[in-house]
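These notes concern the structure reproduced below.
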Amino acid sequence: MKKNIFKSMIRRYHYLFIISLTAGFIFMSCNPLPTDISTFEQEMLGQYIQNRPEQFSEFEKLLDTTEVMGLLNAYGKYTLFAPDNAAMKAYYASKGKSSLNDFTLDTLTQIAYDHVIKGYDITTDEFSDGLMPYLTMSERYISTSSKTEDGNLVYYLNDESAITKRDVEMSNGIVHTISVVINPSVLNLPQSISTDTLFTIFNQALIATGLDKLMTKSRDESYDYKKYLSLETGSTKGSGSVDEIPRSRKYGYTVLMESDETFRANNIYNLEDLKAFAAANVYNEDPDDANVTDIKDRRNSLNKFIAYHMIDRNLSYSKFIDAYDTQHMIKTYDMYEYFETMCPNTLLEIKKDRLTGETNLINQSSETKEAVRINVNYKDKDATNGVYHEIDKILVYNIATAGELSSKRIRIDAAAFFPEFINNNMRYYDPAKPRSWIFPRGYIERLQTAESTKFYYLNAYGGYLDYQGDEVFLAGMYDFTVETPPIPAGTYEVRFGYQPTGARGAAQLYWDSVPCGIPLDLRLSANDPLIGFVEPGTNPEDPNGFENDKMLRNRGYMKGPCTFKDVLGVWYGKKIARNSQQYIRRILGTYTFTKSQTHIFKVKAVREGEFMFDFLEFVPIEMIENEGIE
0 MKKNIFKSMI RRYHYLFIIS LTAGFIFMSC NPLPTDISTF EQEMLGQYIQ NRPEQFSEFE
60 KLLDTTEVMG LLNAYGKYTL FAPDNAAMKA YYASKGKSSL NDFTLDTLTQ IAYDHVIKGY
120 DITTDEFSDG LMPYLTMSER YISTSSKTED GNLVYYLNDE SAITKRDVEM SNGIVHTISV
180 VINPSVLNLP QSISTDTLFT IFNQALIATG LDKLMTKSRD ESYDYKKYLS LETGSTKGSG
240 SVDEIPRSRK YGYTVLMESD ETFRANNIYN LEDLKAFAAA NVYNEDPDDA NVTDIKDRRN
300 SLNKFIAYHM IDRNLSYSKF IDAYDTQHMI KTYDMYEYFE TMCPNTLLEI KKDRLTGETN
360 LINQSSETKE AVRINVNYKD KDATNGVYHE IDKILVYNIA TAGELSSKRI RIDAAAFFPE
420 FINNNMRYYD PAKPRSWIFP RGYIERLQTA ESTKFYYLNA YGGYLDYQGD EVFLAGMYDF
480 TVETPPIPAG TYEVRFGYQP TGARGAAQLY WDSVPCGIPL DLRLSANDPL IGFVEPGTNP
540 EDPNGFENDK MLRNRGYMKG PCTFKDVLGV WYGKKIARNS QQYIRRILGT YTFTKSQTHI
600 FKVKAVREGE FMFDFLEFVP IEMIENEGIE
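This is the structure we're talking about:
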């Protein structure tokens, strides 16, 4: 999503200009100002609605009844999606009602909240296909898309509500007029899927296996952020962000589904046919699993087949990989993202192909280039706790998929380990607004920390030299363990990427409870004599830095990859990670994994400070010699 970092500054000066210009006219003439002097409106959002009854009298009644009008007439920053009178009356009719008076106050409040985003003034040039990274006041996401109609670009919300007048700037935000009332689903994900007649076979299997029951949670009602407010230190990070406690703990899910039509094209006409297909194609790492006939058993082939389509995070189309393709990522290199599915010990690979420009290529074959794709005309189908998408081919974790994953480098951003970051609207890119969250112990399921450990996440921001631009770090006399996503069976060199700074401290690293050499001093820049980094291009006898690479490896280190860079250049000079003394990979060791499973990465401070955790990567030993610098 493109963010105009100068927008608020321009608005401020624009406002002052209008005031000055107005004052000048007062002294020069008694004639009124022309109405077209500026597109900027000095009204509040609420006043804008109140002053246009011919367009918004029904919406005005809604805002007044729910007391949202007072909010929109106050200072702050809001985005308002305003349905016109025709849209409101059409909504009444669709619900079998004749006026606002026929709805309960709770329902009306929900409707009003669905149309307001608090804290952000979002123009259409910030839209991208998929869910917006900002929640409405009803804590729901709105998806945006655009179409060319009669030669004009038209923006849509949730694929059905056209923006008929856009980007009208008020003193306290932005208003967009829309043609259809925003009406998000009130069903959870399994319920929403069950109403969609395109997917009857998949839905039958989802219910028969009992896997639908794994996707009913929406929110942890026991979580009360007020208990943890003392963790908000008020300290300002170097980027300008201030620690925040997450205000909620939500769950989210995504399902990728084949339509009945796709199944029929593969001779699958009913549940029994799907059982037979799964039994013949699903890869069972344990051969005994092939004999499990109870479809509710997680070892059963049909159960595995359906579970491989399910992910425990709310992934709109843009959230699979596009949301992490920040300005930091070098656009000449393919990009990969890996998600753990709800089929035990399996990964889903998502690829962005730079040559073709295609995105969201699922499990693409290196040999045939075949991939499963999301149908862009049937995506982001909304539910209260997730989304579902139609896919164009049968998605199956078979022996070819397992072999493909075990033969390539798997680099996983630290933020991708934790579903909570996506499900609670933290993992997104905003080059102008860094934010920092601090987490209570137990908030992150796959992270275990000692009481002395502070755990932080900073969203992707232009000022970091980080993979995908975001940053996971810990502070204090930290002692933590993190469970990795499942890694396929094989022999791998395992590496850890980080930024060294003087504030980092030192730590002992462990892989599956075994120490990874001597403690790592994270304060040492890569050009420290103990490490020995020489920037590529500075040594005429080694212009590409390849000999220096060998020396670093002998000491247990590697330069950063050449696939991402510093954007702002405030601290790191806009260099790619490979060319910066402020980025290092530490080789943890070479390990043989006898089966696909998760692993435990443990870190214990030996010197107080920060521990920056950027990514882990797993490189099959057979590809190391020809790995390249990416």
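For the sequence shown, position 279 matches number 278 in numbering that gives the first Met the number 0, and the numbering has no gaps at all.
Beta carbons: idealized from backbone N, C-alpha and C, even for Gly.
For residue i, does the three-state DSSP call read helix, strand or coil?
i, result
"residue 54", "helix"
"residue 303", "helix"
"residue 95", "coil"
"residue 189", "helix"
"residue 281", "coil"
"residue 82", "strand"
"residue 418", "helix"
"residue 405", "helix"
"residue 35", "With a pLDDT of only 29 at residue 35, under 50, the local geometry of the prediction cannot be trusted, and no value is derived from it."
"residue 88", "helix"
"residue 351", "strand"
"residue 485", "coil"
"residue 514", "strand"
"residue 364", "coil"
"residue 111", "helix"
"residue 506", "strand"
"residue 478", "strand"
"residue 412", "strand"
Using a Cβ-based criterion (distance less than 7 angstroms to any ligand heavy atom), does residue i qualify as near the ligand MN?
i, result
"residue 136", "Among the components modelled here there is no ligand, and therefore nothing to report on the ligand MN."
Rounded to the nearest angstrom, how far is the Cβ of residue i from that of residue j, given a contact under 8 angstroms?
i, j, result
"residue 79", "residue 180", "Not a contact, Cβ separation roughly 13 angstroms."
"residue 456", "residue 425", "6 angstroms"
"residue 518", "residue 405", "Rounded, the Cβ-Cβ distance is 31 angstroms, inconsistent with contact."
"residue 302", "residue 296", "6 angstroms"
"residue 543", "residue 535", "6 angstroms"
"residue 564", "residue 329", "6 angstroms"
"residue 622", "residue 408", "7 angstroms"
"residue 645", "residue 170", "Lying before the first or after the last residue shown, residue 645 is absent from the chain, which here runs from 0 to 629."
"residue 339", "residue 485", "6 angstroms"
"residue 273", "residue 200", "6 angstroms"
Could you tell me which residues DSSP pairs with residue i in its beta bridges?
i, result
"residue 169", "172"
"residue 459", "428"
"residue 436", "243 and 456"
"residue 142", "130"
"residue 388", "255"
"residue 147", "152"
"residue 596", "486"
"residue 533", "DSSP output for residue 533 lists no bridge partner at all."
"residue 102", "Residue 102 is not bridged to any residue."
For residue i, count neighbouring C-beta atoms within 10 Å of its own C-beta (all shown protein chains included) and say buried if the count is 16 or more, exposed if not.
i, result
"residue 82", "buried"
"residue 529", "exposed"
"residue 212", "exposed"
"residue 252", "buried"
"residue 36", "No answer about residue 36 holds up, because its pLDDT of 27 lies below 50 and its placement is not dependable."
"residue 172", "buried"
"residue 385", "buried"
"residue 477", "buried"
"residue 362", "buried"
"residue 553", "exposed"
"residue 110", "buried"
"residue 627", "exposed"
"residue 304", "buried"
"residue 460", "buried"
"residue 580", "buried"
"residue 418", "buried"
"residue 438", "buried"
"residue 164", "exposed"
"residue 354", "exposed"
"residue 248", "buried"
"residue 307", "buried"
"residue 452", "buried"
Could you check whether the stretch 390-402 touches the stretch 285-292, counting it as contact only if at least three pairs of C-beta atoms, one from each stretch, sit closer than 8 angstroms? no
Quick one: any contact between the stretch 589-598 and the stretch 462-475, if contact means 3 or more CB pairs under 8 angstroms? no
Flag this pair as touching only if the stretch 475-494 and the stretch 440-451 have three or more C-beta atom pairs under 8 angstroms; answer yes or no. yes
Inspect the CB distances between the stretch 596-613 and the stretch 518-536 and report whether three or more fall short of 8 angstroms. yes
Validate contact between the stretch 618-627 and the stretch 486-500 using beta carbons, cut 8 angstroms, 3 pairs: yes
Check whether the stretch 348-364 touches the stretch 314-327, taking contact to mean three or more Cβ pairs, one atom from each stretch, closer than 8 angstroms. yes
I'd like to know if the stretch 494-513 and the stretch 579-589 are in contact, where contact means that at least 3 CB-CB pairs between them fall below 8 angstroms. yes
Assess contact between the stretch 56-71 and the stretch 88-102, defined as three or more Cβ pairs (one per stretch) separated by less than 8 angstroms. Is contact present? yes
Quick check: the stretch 188-199 against the stretch 370-387, are at least 3 beta-carbon pairs closer than 8 angstroms? yes
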